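The number in our numbering is simply the position in the sequence shown, starting from 1, with 10 added.
The C-beta atom is built at its ideal place from N, Cα and C for all residues, glycine as well.
Computed from a predicted model, the values in this text were never measured in an experiment.
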Amino acid sequence: IEVIGNEIKLAEIKLDPAQAPFGHVRYGHGNCGGADEGAVTGNVIYTSCLGPVLVRNPALAMELLRRGAGAAGIETSPEQFRLKSADILHEQACLEEAKHFIGKKMEK
């Protein structure tokens, strides 16, 4: 899932060998200035990505809801968490605008 947001560094994250990063940064600085961003341990996710991250990235919001349901033992189907394009037209337009803006910054 591609996530777009703004970063406010509250802490430098050093991953343990058993930890996975939340994601990888394409533009900006991740953990300790590298490309990894945040951390995932079990059901806990840490990221410095704001934006507001769940509103700007509905696919991420749905994935977190799916994982939460699974962790709670709730059986789900893929259809329950499938986003319909018509329901997120505004969010998709904002995401594309943010991608365009970031792409222009990356060209400099």
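query	result
A79 to K118 span [Cα, whole Å]	43 Å
Anticipated Cβ contact below 8 Å, T86 with R77, distance rounded	Wrong, their Cβ atoms sit about 10 Å apart, outside the cutoff.
Where the beta strand (DSSP E) containing V65 begins and where it ends	Not the beta strand (DSSP E): V65 falls in the alpha helix (DSSP H), residues 63-66.
Three-pair Cβ contact test at 8 Å for the stretch 33-46 versus the stretch 66-73	no
Anticipated Cβ contact below 8 Å, V63 with G15, distance rounded	5 Å
Sequence-distant residues of the same chain with beta carbon closer than 7 Å to V13, five excluded per side	G33, C59, V63, N67, L70
Inter-residue Cα distance where the pair is Q90 and A82	16 Å
Other residues of its chain near I23: CB distance less than 6 Å, five sequence neighbours each side excluded	N41, A49
Whole-angstrom distance between K114 and C104, CA atom to CA atom	16 Å
Extent of the continuous alpha helix (DSSP H) to which A103 belongs	99-117
Backbone CA spacing between V35 and A21 [nearest angstrom]	16 Å
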